[in-house]
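A.B. asks: Take this structure, written in structure tokens, and hold onto it; I'll ask about it next.
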Amino acid sequence: MTAHRSLIRRAAAVATAATAAVALAACGGGNDGSAGHDGHGRTSSPSTSASAGQGEHNGADVAFAKGMIPHHRQAVEMADLAQSRARSAEVRKLAAEIEKAQDPEIRTLSGWLASWGEEVPEEGRSAGHGEHSMSGMMTPEEMDELEKASGTAFDTAFMQMMIKHHEGAVEMARTEQADGAYQPAKDMADAIVTSQSAEITRMNELLGNN
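Residue 20 in my numbering sits at position 6 of the sequence shown; the count goes up by one each step and never skips.
In structure tokens form, the structure reads like this:
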């Protein structure tokens with residue numbers, strides 16, 4: 015009798031354990047599936063998006079880099095002239111800031127193009143000659159005029175030309191903000207809009223236009 019009751023208790027215990035195991039497996043499986051789905055949706059998707067945003071580029075990014083390189087090169091050339099020709103210390107300071115900001119950006123833009131298998135624009139005035147009308151770049155004649163100026167006349171010509179130049183850069187940067195896909199390029203465009211808009215205001219104030 016004792017043995018019979020013991021057998022019944024063991025059978026009941028096994029049945030209870032089996033039921034609990036089945037319930038636990040079903041519950042755990044549902045949670046794992048739900049957590050796994052939510053996890054992928056909440057963690058891997060942003061990661062994938064971030065990776066795509068950093069790594070992918072489109073035609074607008076290429077156009078931005080190819081246009082901004084000669085544009086920046088000309089600004090640096092203009093800034094170099096200011097160091098020996100400008101009368102105003104404020105103009106020389108502004109020119110130095112422009113050169114300091116744009117030289118590294120030229121290298122960055124060139125690196126992007128190389129990594130994308132695109133050609134980096136050639137150096138020299140002729141490379142950017144065809145773009146002056148759409149991007150605010152100076153014509154060779156305007157650059158010659160600036161080179162021949164000195165003192166107060168240089169200061170005025172430099173700021174007037176650089177305002178036009180910056181306005182072209184801001185326009186190009188806004189196009190990249192709207193149409194680009196490569197996040198570092200869009201970030202650079204943001205920085206260009208902010209910094210060069212501020213410099214336009216500063217130059218207008220020095221010219222007495224505000």
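Built from N, CA and C at the ideal position, the CB exists for glycine as well.
Helix, strand or coil, according to DSSP, for Ala163 in the structure here?
C.D. replies: Of the three classes helix, strand and coil, the one that applies to Ala163 here is coil, per DSSP.
A.B. asks: Kindly identify the DSSP beta-bridge partner or partners of Ala100.
C.D. replies: In the DSSP output, where bridge partners are listed per residue, Ala100 has Gly165.
A.B. asks: Just the C-alpha distance for Pro118 and Gly222, rounded to the nearest angstrom, thanks.
C.D. replies: The alpha-carbon atoms of Pro118 and Gly222 are separated by roughly 31 Å.
A.B. asks: Leaving out five residues before and five after Ile22 in sequence, what residues of the same chain have Cβ atoms less than 7 Å from its Cβ?
C.D. replies: With a pLDDT of 42 at Ile22, under the threshold of 50, the predicted position of this residue should be treated as unreliable, and no value is reported.
A.B. asks: Is His86 near Ile112, with beta carbons less than 7 Å apart?
C.D. replies: No, the Cβ-Cβ distance between His86 and Ile112 is not below 7 Å.
A.B. asks: Checking 7 Å against the spacing of the C-beta atoms, do Ile206 and Ala183 come in under that value?
C.D. replies: The answer is yes: Cβ separation under 7 Å.
A.B. asks: By the three-class DSSP mapping on this structure, what secondary structure does Pro84 have?
C.D. replies: Correct three-state label for Pro84: helix.
A.B. asks: Pull up the distance between the alpha-carbon of Ser211 and that of Gly131, whole angstroms please.
C.D. replies: Using only the alpha carbons, I get a separation of about 32 Å.
A.B. asks: Determine the extent of the alpha helix (DSSP H) in which Glu219 is found, giving its start and end residues.
C.D. replies: 197-221 is the extent of the alpha helix (DSSP H) around Glu219.
A.B. asks: Compute the distance between the beta-carbons of Ala79 and Leu108, then report whether it is under 7 Å.
C.D. replies: It is not a contact, given that the beta carbons lie outside the stated cut-off.
A.B. asks: In three-state terms, what does DSSP make of Val76?
C.D. replies: In this structure, Val76 counts as helix in the three-state DSSP scheme.
A.B. asks: Let's test the definition: count the other Cβ atoms within 10 Å of the Cβ of Gly187 and tell me whether it reaches 16, buried, or not, exposed.
C.D. replies: Looking at the sequence shown, residue 187 is not Gly but Ala. Looking at its Cβ environment, which holds 16 or more other Cβ atoms inside 10 Å, Ala187 is buried.
A.B. asks: In three-state terms, what does DSSP make of Gly225?
C.D. replies: Residue 225 cannot be examined here, being either before or after the span of the chain that is shown, 15 to 224.
A.B. asks: Report the CB separation of Met92 from Met176 in whole angstroms; it is logged as a contact under 8 Å.
C.D. replies: Between Met176 and Met92 the Cβ distance is about 6 Å, and since that is below 8 Å, they are a contact.
A.B. asks: Taking only the alpha-carbon atoms, compute the straight-line gap between Glu190 and His180 and give it to the nearest angstrom.
C.D. replies: Using only the alpha carbons, I get a separation of about 15 Å.
A.B. asks: Considering only the alpha carbon of each residue, which of Leu220, Trp126, Pro84 lies closest to Glu70?
C.D. replies: Among Leu220, Trp126, Pro84, the Cα nearest to that of Glu70 belongs to Trp126.
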